[in-house]
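As they're listed, the protein sequences go chains A and B.
Sequential numbering of the first sequence, starting at 10, is according to our numbering.
Sequential numbering of the second sequence, starting at 0, is according to our numbering.
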Amino acid sequence: GAVVSQHPSWVICKSGTSVKIECRSLDFQATTMFWYRQFPKQSLMLMATSNEGSKATYEQGVEKDKFLINHASLTLSTLTVTSAHPEDSSFYICSASGANYEQYFGPGTRLTVT
Amino acid sequence: QKEVEQNSGPLSVPEGAIASLNCTYSDRGSQSFFWYRQYSGKSPELIMSIYSNGDKEDGRFTAQLNKASQYVSLLIRDSQPSDSATYLCAVLYSGAGSYQLTFGKGTKLSVIP
Numbered sequence: 010g011a012v013v014s015q016h017p018s019w020v021i022c023k024s025g026t027s028v029k030i031e032c033r034s035l036d037f038q039a040t041t042m043f044w045y046r047q048f049p050k051q052s053l054m055l056m057a058t059s060n061e062g063s064k065a066t067y068e069q070g071v072e073k074d075k076f077l078i079n080h081a082s083l084t085l086s087t088l089t090v091t092s093a094h095p096e097d098s099s100f101y102i103c104s105a106s107g108a109n110y111e112q113y114f115g116p117g118t119r120l121t122v123t
Numbered sequence: 000q001k002e003v004e005q006n007s008g009p010l011s012v013p014e015g016a017i018a019s020l021n022c023t024y025s026d027r028g029s030q031s032f033f034w035y036r037q038y039s040g041k042s043p044e045l046i047m048s049i050y051s052n053g054d055k056e057d058g059r060f061t062a063q064l065n066k067a068s069q070y071v072s073l074l075i076r077d078s079q080p081s082d083s084a085t086y087l088c089a090v091l092y093s094g095a096g097s098y099q100l101t102f103g104k105g106t107k108l109s110v111i112p
């Protein structure tokens, strides 16, 4: 149980284009999902908290107009990186929250912007 | 500011030994604590959760919590090379109708065959 999927697992895009990443909880409903970013050899950085049916809450320093989050159902949240630049290249990981506030992570999406 | 502190390591232990990973946190009101394992290039995987003072055992893993000392630890018995990974301590902080996990920077464990 508690399986979270992400798609795509890796993506390469050109600078200036947009990329959408999907996060799905496969065997449970998640009212809250989280989006993290991790640069090489660094710790996880929370970008935003996504609640089903409402606007996401972004962490300080994260541009909400650049990182668009939609949580339209209890099993799906999406992160769209708009007008991507090379400095946006990173490992993006979503998580979904279970019954006791445990977070289950997706496998991550490695984004490379050329 | 909510903080979670871990020794970054690397912590090296021989195969078969006990690995001890430690974590301290700043918010005395925290109630939920988690240990995650992250292999290089992969996402974190939940291995233990603990909510009450004392020990919680699951196979070769034992989590220990001392809320008075604001300290949580993870013991790995009979360490195997496959346990080599970065271990992340996470503390749940909640308030004003929202909650989030704050992660430590992780301790890198290396189990030497």
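Don't be surprised by glycine CBs; every beta carbon is placed ideally from N, CA and C.
Any beta carbon of chain A sitting closer than 8 Å to that of residue i?
{"i": "L91 of chain B", "result": "yes"}
{"i": "K1 of chain B", "result": "no"}
{"i": "K104 of chain B", "result": "yes"}
{"i": "S25 of chain B", "result": "no"}
{"i": "P109 of chain B", "result": "The sequence given here places Ser at residue 109 of chain B; Pro does not occur at that position. No, S109 of chain B does not count as interfacial toward chain A."}
{"i": "L100 of chain B", "result": "yes"}
{"i": "L74 of chain B", "result": "no"}
{"i": "S48 of chain B", "result": "yes"}
{"i": "L64 of chain B", "result": "no"}
{"i": "L45 of chain B", "result": "yes"}
Taking the beta carbon of residue i as the centre, do at least 16 other beta carbons fall within 10 Å, making it buried, or is it exposed?
{"i": "W44 of chain A", "result": "buried"}
{"i": "H94 of chain A", "result": "exposed"}
{"i": "V12 of chain A", "result": "exposed"}
{"i": "P9 of chain B", "result": "exposed"}
{"i": "F100 of chain A", "result": "buried"}
{"i": "R76 of chain B", "result": "exposed"}
{"i": "W19 of chain A", "result": "exposed"}
{"i": "A105 of chain A", "result": "buried"}
{"i": "A39 of chain A", "result": "buried"}
{"i": "P43 of chain B", "result": "buried"}
Along chain B, in chain order, which residues have C-beta atoms closer than 8 Å to that of residue i?
{"i": "G117 of chain A", "result": "K41 and S42"}
{"i": "F37 of chain A", "result": "Residues of chain B passing the Cβ test: none, with the nearest at roughly 13 Å."}
Consider the Cβ of residue i: report whether some Cβ of chain B lies at a distance smaller than 8 Å.
{"i": "S52 of chain A", "result": "yes"}
{"i": "L55 of chain A", "result": "yes"}
{"i": "F114 of chain A", "result": "yes"}
Which bits of chain A does residue i rub up against, with CB to CB less than 9 Å?
{"i": "S31 of chain B", "result": "N109, Y110 and E111"}
{"i": "A97 of chain B", "result": "Checking the displayed sequence, the identity of residue 97 of chain B turns out to be Ser instead of Ala. T41, T58, N60 and T66, listed in chain order."}
Look at the alpha carbon of residue i and the alpha carbon of residue j, and state the distance between them as a whole number of angstroms.
{"i": "S19 of chain B", "j": "T58 of chain A", "result": "32 Å"}
{"i": "A84 of chain B", "j": "D26 of chain B", "result": "27 Å"}
{"i": "L88 of chain A", "j": "V71 of chain B", "result": "33 Å"}
{"i": "Q30 of chain B", "j": "K55 of chain B", "result": "15 Å"}
{"i": "G70 of chain A", "j": "K1 of chain B", "result": "17 Å"}
Starting from the beta carbon of residue i, find every residue of chain B whose beta carbon is closer than 7 Å, and list them in chain order.
{"i": "I102 of chain A", "result": "S42"}
Which residue from the options puts its Cα closest to that of residue i?
{"i": "P116 of chain A", "options": "A:T26, A:S27, A:G25 and A:S34", "result": "A:S34"}
{"i": "V3 of chain B", "options": "B:Y38, B:F32, B:S97 and B:G96", "result": "B:F32"}
{"i": "D36 of chain A", "options": "A:Y110, A:I78, A:S14 and A:A81", "result": "A:S14"}
{"i": "G28 of chain B", "options": "B:V110, B:A67 and B:P112", "result": "B:A67"}
{"i": "G105 of chain B", "options": "B:P13, B:Y86 and B:G94", "result": "B:Y86"}
{"i": "S109 of chain B", "options": "B:K1, B:R36, B:T23 and B:Y24", "result": "B:R36"}
{"i": "E111 of chain A", "options": "A:S24, A:E68, A:S82 and A:M42", "result": "A:M42"}
{"i": "P112 of chain B", "options": "B:N6, B:S39 and B:P80", "result": "B:P80"}
Using the beta-carbon of each residue, which ones in chain A are nearer than 8 Å to residue i?
{"i": "Y86 of chain B", "result": "Simply none; closest approach about 12 Å."}
{"i": "L20 of chain B", "result": "Near L20 of chain B there are no residues of chain A at all, since even the closest Cβ is about 15 Å away, more than 8 Å."}
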